[in-house]
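Residue numbers (the working numbering): 74 to 559.
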């Protein structure tokens, strides 16, 4: 028996006799197998309009608050009713748009929300009932981030190449030269697209990347050096950062940059050529990135078909350096956390246990459990914690270009479920297209799939239906043998 493993997914590479495969869907990467990709299970009521920014805040006491912004309002999720409460500044209609979205940041017990068309807003956790205008006359900005003890506004409405930081530990102090507040204009590279969250931040512009260094006791506060020229973020929303890891998408590729400024093309000769050849420039500009709050995975969701909403998610595990892809309609993804529920509190979700969107042992019901969240196309919030989506896994194609014909008679799926089907793709000529058999099921007792087939080039595709519970899919055990030459 020979194990034909489900090898790493790299659609940019050749498929024949390599260590990669180009055909998988709805799975997550593991060291020597693939894992199920859980379905998105919405659990809130619908937001009043399309979400144009969202954020999860955790207070010092550990309570979780999820915020969302639409074009005209700011909302907070009611953790009891799972509906959205309007917490906009009273008598205020905001002016966010698809190109002037909301950006949120937590600074201590305060959450600050900004967009290019409105004055920065602030909400104090556990105290405020509504957002209010942030004091100190801070400038309007596209993005907000915390750099250690400073709150930083980025891509100002009047100076898109500028970052402006607050006074030291004072988000109401914005006068340059007062208590360490100041600003920096970057002379080249276009508009500021975002940054990491760090005392010594990575600042990413459209075409340049800078490294900032906090200089305590100095009049300059932060020093900046250009570390990469001609490289930046096409989409500001593609930037995702956690700890020392920052990821972003530029024209032509996906990149990872370390805290020291070292950069690597994580999608090079793996997914870049395949997907950047399909994504239109307009769709690339709206690509959204998010880092899993628990695992070493970064997700990018994008519109591959021109529908106006995202429909695919690329997943990269930076510890395993492996990629996968999932099909999922959504209008945005972000790292979130759960509020937690008692058994009595579950009545607010559903009085029928069979209608709960998640099983009772799900992390969703645990307070503060980190989970990846997403918005459905009807603006409901959900977690990727449902039952497994339908998974497709295909082995790399194998064959002898010199003409040896391989005979298949039976094989076994190496997966911890018997509820799957397989199809065999075969061809006799290198230049020909593969012909696929009908879907075949394993024997109910032996688990063996029986099919007589001879060809020069063979590959096997496994399909695991949606809702089937499984944990690891490793490959196909094949007792194959040569049948001669032709």
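We treat Cβ as the ideally placed atom computed from N, Cα and C, and that holds for glycine. Predicted model, so just to flag it, every value in this text is computed and none were measured.
Can you pull the DSSP bridge partners for residue i?
i           : result
residue 295 : 287
residue 110 : Partner(s): none; residue 110 has no beta bridge.
residue 362 : 373
residue 301 : 282
residue 535 : 466, 495
residue 390 : 370, 395
residue 127 : 141
residue 223 : 220
residue 329 : 320, 337
residue 261 : Bridge partners of residue 261: none, in fact.
residue 486 : 549
Just to check, is the beta-carbon of residue i closer than 7 Å to a non-hydrogen atom of the ligand SAM?
i          : result
residue 79 : This structure lacks the ligand SAM; in fact it carries no ligand of any kind.
What's the gap between the Cα of residue i and the Cα of residue j?
i           : j           : result
residue 481 : residue 533 : 11 Å
residue 84  : residue 167 : 43 Å
residue 270 : residue 407 : 16 Å
residue 335 : residue 491 : 46 Å
residue 171 : residue 359 : 9 Å
residue 414 : residue 150 : Caution is warranted here: a pLDDT of 49 is assigned to residue 414, below 50, making its placement in the model unreliable, and no coordinate value can be reported.
residue 394 : residue 155 : 37 Å
residue 357 : residue 266 : 14 Å
residue 173 : residue 527 : 59 Å
residue 138 : residue 473 : 59 Å
residue 479 : residue 340 : 34 Å
residue 164 : residue 247 : 26 Å
residue 461 : residue 530 : 31 Å
residue 344 : residue 302 : 23 Å
residue 402 : residue 82  : 22 Å
residue 541 : residue 378 : 28 Å
residue 504 : residue 148 : 57 Å
residue 559 : residue 465 : Low confidence applies here, because residue 559 scores a pLDDT of 49, under 50, leaving its location unreliable and the question unanswered by this model.
residue 327 : residue 519 : 44 Å
residue 216 : residue 290 : 27 Å
residue 349 : residue 312 : 16 Å
residue 231 : residue 535 : 55 Å
residue 273 : residue 515 : 56 Å
residue 207 : residue 128 : 18 Å
residue 209 : residue 262 : 29 Å
residue 507 : residue 499 : 5 Å
Should residue i go down as buried or exposed, given a rule of 16 or more other Cβ atoms within 10 Å for buried?
i           : result
residue 179 : buried
residue 368 : exposed
residue 444 : buried
residue 548 : buried
residue 285 : buried
residue 275 : buried
residue 470 : buried
residue 175 : buried
residue 76  : exposed
residue 502 : exposed
residue 277 : buried
residue 392 : exposed
residue 257 : buried
residue 104 : exposed
residue 196 : buried
residue 134 : exposed
residue 351 : exposed
residue 292 : exposed
residue 309 : buried
Going by the beta-carbon positions, is the gap between residue i and residue j smaller than 8 Å?
i           : j           : result
residue 362 : residue 371 : yes
residue 49  : residue 467 : The displayed coordinates of the chain run from 74 to 559. Any statement about residue 49 would go beyond what the structure contains.
residue 242 : residue 294 : no
residue 400 : residue 189 : no
residue 70  : residue 305 : There is simply no residue 70 to check, as the chain begins at 74 and stops at 559 in what is shown.
residue 264 : residue 234 : yes
residue 493 : residue 521 : no
residue 187 : residue 224 : no
residue 227 : residue 268 : yes
residue 132 : residue 199 : yes
residue 457 : residue 113 : yes
residue 366 : residue 412 : no
residue 384 : residue 404 : no
residue 510 : residue 101 : no
residue 106 : residue 546 : yes
residue 111 : residue 459 : yes
residue 237 : residue 260 : no
residue 315 : residue 364 : yes
Would residue i count as contacting chain B if we go by Cβ distances under 8 Å?
i           : result
residue 363 : Chain labels in this structure do not include chain B; a single protein chain is all it has.
*asked:* I'd like to know if the segment 447–455 and the segment 107–125 are in contact, where contact means that at least 3 CB-CB pairs between them fall below 8 Å.
replied: yes
*asked:* Three or more C-beta pairs under 8 Å: does that hold for the segment 152–162 against the segment 84–103?
replied: no
*Between the segment 292–300 and the segment 311–326, do three or more beta carbon pairs fall short of 8 Å?*
no
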